[in-house]
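Engineer: Here it is: the structure, laid out below.
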Amino acid sequence: MKRKEITICGLAAVRAQFESRPQAIIRLFFDQPTGRKVGAICKALAQAKKVYRCVDPAELEKIAGSIHHGGIVAVTEVDELRSPPVGAVREWARRRETLLILDRVGNAHNLGAIARTAAYFGVPRIIIPDDPAAAQPGDAAHRVAEGGMAHLEIFQVRSLPAFLRELTQAGYDVVGAATRGGRPEIKVAGGKPIALLLGNEEHGLSPAVLGACSRLVTLPGTGKVESLNVSVAAAILLWELVVRR
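Per the numbering used here, residue 5 is the first one in the sequence shown, and the count goes up by one each step.
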């Protein structure tokens, strides 16, 4: 499988990566204060004969490609996104595992914030479409996720409507978050596992995706602004649909 490299910045994110997949870290750079906190990681890299080095702030910023590096940057090898394995959907449904599905969420910071919330609440995986408008789990998303990405599986599907129909057939309650037109009551449908679907920041859910949902919900507000940020909506809906039940 083809692999690529990304930079993971921030101590929490680097530690999470080290705890979940230490073999994926291929180079590590840090400033002097942070170096005092990563002895175990450096020891493991030394044993694996991989590069780790204390560098000055200017070089660290250059490696990270951002001033928001948090004092440490891990150059990490990642797999290309893949589709869910055959039979996975029915197995997830059998285990009653929550799914979070993003319909062309385009801002990498939003993807990272959603991933952080998903990991916090124990959601095991996120599904995104194979679409150029969809943000990818790259450097910026990892930085904002604060280690959350290391605790998630992220899959990519070619057709979201077809995938949603497969979820429904497997027994999922596919709940679409709509800025308007959905029911304001956020209820759990019987004992079904939940697949929560959130749409693009500007355009929301596409018509084809809307039609494949089991039901739509709309968070009630004052009407003074049209909608919440998609990452905030994700947190509220996960709490209401998954955690509180």
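Just so you know, even glycine gets a beta-carbon here, dropped at the ideal spot from N, CA and C.
Tell me the DSSP bridge mates of N204?
Structural biologist: G208
Engineer: What whole-angstrom Cβ distance do N204 and A137 have, given they're in contact under 8 Å?
Structural biologist: 7 Å
Engineer: On the DSSP bridge list, what partners appear for E9?
Structural biologist: According to DSSP, which records beta bridges pairwise, E9 is partnered with E81.
Engineer: Check whether the Cβ atoms of V178 and L168 sit closer than 7 Å, and answer yes or no.
Structural biologist: In this structure, L168 lies closer than 7 Å to V178 by Cβ.
Engineer: Sorted by chain position, which residues of the same chain lie with C-beta nearer than 7 Å to V247's C-beta, five sequence neighbours on each side aside?
Structural biologist: Annotation for V247: F125 place their beta carbon closer than 7 Å to its own, counting only its chain and skipping 5 residues before and after.
Engineer: Excluding the five sequence neighbours on either side, which residues of its own chain have a C-beta within less than 6 Å of the C-beta of I45, listed in chain order?
Structural biologist: F22
Engineer: Counting C-beta neighbours from all protein chains within 10 Å, is the total for S24 16 or more, i.e. buried, or is it exposed?
Structural biologist: The residue is exposed, with fewer than 16 neighbouring Cβ atoms inside 10 Å.
Engineer: So, do the stretch 92–104 and the stretch 43–60 have three or more beta carbon pairs nearer to each other than 8 Å?
Structural biologist: no
Engineer: Hey, how far is the Cα of C217 from the Cα of N114?
Structural biologist: Straight-line Cα distance between these residues: approximately 22 Å.
Engineer: Check this for me: beta carbons of A28 and G151, under 7 Å apart or not?
Structural biologist: It is not a contact, given that the beta carbons lie outside the stated cut-off.
Engineer: Report the start-end ranges of each beta strand (DSSP E) in the stretch 92–117 that is 3 residues or longer and not cut off at the edges.
Structural biologist: 103–107
Engineer: Checking 7 Å against the spacing of the C-beta atoms, do A181 and L202 come in under that value?
Structural biologist: yes
Engineer: Quick one, which of V18, S87, L64 and V77 has its alpha-carbon nearest A166's?
Structural biologist: S87
Engineer: Report the rounded CA-to-CA distance for V77 versus G185, giving the unit in angstroms.
Structural biologist: 44 Å
Engineer: Alpha carbon to alpha carbon, how far is G39 from G91? Give it in angstroms, no decimals.
Structural biologist: 44 Å
Engineer: Per DSSP, V90 is paired with what?
Structural biologist: DSSP, once it has assigned bridges, lists no residue as partnering V90.
Engineer: Would you kindly work out how many angstroms separate the C-alpha atoms of G175 and K196, rounded to a whole number?
Structural biologist: 6 Å
Engineer: What number of angstroms, rounded off, separates the C-alpha of I71 from the C-alpha of K228?
Structural biologist: 35 Å
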